[in-house]
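Heads up, the sequence shown stops at 169 in UniProt numbering, and the numbers go up one at a time, no gaps.
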Amino acid sequence: MTDPRSHEVSSFWYGAGADERAAASVLQALRAYRAAEMELRRRTRASMGMSDNEMLVVGLATRRARAGRELQPRDVARELGLTTASVTGLLDKLERSGHIRREPHPTDRRRLCILPTPLSDTDVRASLGTIHERMMGVARTLPPADAAIVTAFLRRMSSAIGDASPSAA
Numbered sequence: 001m002t003d004p005r006s007h008e009v010s011s012f013w014y015g016a017g018a019d020e021r022a023a024a025s026v027l028q029a030l031r032a033y034r035a036a037e038m039e040l041r042r043r044t045r046a047s048m049g050m051s052d053n054e055m056l057v058v059g060l061a062t063r064r065a066r067a068g069r070e071l072q073p074r075d076v077a078r079e080l081g082l083t084t085a086s087v088t089g090l091l092d093k094l095e096r097s098g099h100i101r102r103e104p105h106p107t108d109r110r111r112l113c114i115l116p117t118p119l120s121d122t123d124v125r126a127s128l129g130t131i132h133e134r135m136m137g138v139a140r141t142l143p144p145a146d147a148a149i150v151t152a153f154l155r156r157m158s159s160a161i162g163d164a165s166p167s168a169a
């Protein structure tokens with residue numbers, strides 16, 4: 001295979017027909033996007049001084065808060081596949097850095113709710129605001145019918161790999 005950012009495709013893995021080359025070109029473009037996104041995540045983690053899991057918790061807390069849904073430590077453990085002890089350490093660090101706060105649940109004082117702080121929003125916007133706008137600008141160039149096709153395709157691709165084990169791939 002070639003460099004994932006390259007637009008060339010190898011006939012070693014893919015067939016040589018026009019349909020195969022077109023499909024392979026799409027997969028190469030997806031790999032190039034994934035590589036660019038992974039590099040963006042690495043730079044964002046570095047600029048915010050956070051690990052992958054810390055970034056995931058801040059994102060999860062932000063999305064839940066915006067949706068008016070509570071986030072509890074057990075939700076974090078389930079979402080990230082971590083032990084409760086690991087989650088406690090992760091939340092302790094995020095609370096010390098000022099990115100989340102833990103509050104008693106409004107109706108069950110035995111439970112805690114995890115909430116993002118204004119610092120989380122400020123840090124994320126400072127790190128990703130310009131990139132997000134650039135990405136939205138590209139997405140806005142798609143006519144609605146094309147956007148629907150791309151969205152359906154990406155959802156089918158996510159489904160195709162979501163349940164696959166490495167041996168089934």
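Virtual Cβ for every residue (Gly too), placed ideally from N, Cα, C.
Test item: CB-CB of residue i and residue j under 8 Å
i, j, result
"L94", "P73", "no"
"R102", "T117", "no"
Rounded separation between residue i and residue j - CA only
i, j, result
"E37", "M136", "14 Å"
"A65", "D123", "17 Å"
"D146", "I131", "22 Å"
"P4", "S25", "For P4, the predicted model reports a pLDDT of 48, less than 50, meaning its position is unreliable and no value from the coordinates is stated."
"R42", "L119", "20 Å"
"G68", "L30", "33 Å"
"A77", "L115", "15 Å"
"P106", "Y33", "42 Å"
"A148", "L40", "26 Å"
"L82", "V150", "33 Å"
"L27", "E79", "28 Å"
"R110", "D121", "28 Å"
"G17", "T141", "30 Å"
"F153", "G49", "35 Å"
"residue 184", "D108", "Nothing in the structure corresponds to residue 184, since the chain is present only between 1 and 169."
"A84", "E20", "According to the sequence as given, residue 84 is Thr; it is not Ala. Approximately 47 Å between the Cα atoms of the pair."
"R155", "I161", "10 Å"
"A61", "E133", "22 Å"
"S159", "A139", "21 Å"
"R63", "P144", "25 Å"
"A35", "R125", "22 Å"
From the options, residue whose alpha carbon lies closest to that of residue i
i, options, result
"S86", "P106, R63, V150 and V57", "V57"
"M157", "G17, A18, A23 and L115", "A23"
"G59", "R155, H99 and T141", "H99"
"L112", "A46, T83, V138 and D75", "D75"
"R96", "E79, E54, E70 and G129", "E54"
"L71", "G49, P104, R45 and T83", "P104"
"T44", "A61, T88, G129 and I161", "G129"
Supposed contact pair residue j and residue i - C-beta distance, whole angstroms, cut 8 Å
i, j, result
"S51", "S127", "Wrong, their Cβ atoms sit about 15 Å apart, outside the cutoff."
Inside the stretch 70–104 only - alpha helix (DSSP H) runs reaching at least 4 residues: 73–80 and 84–96
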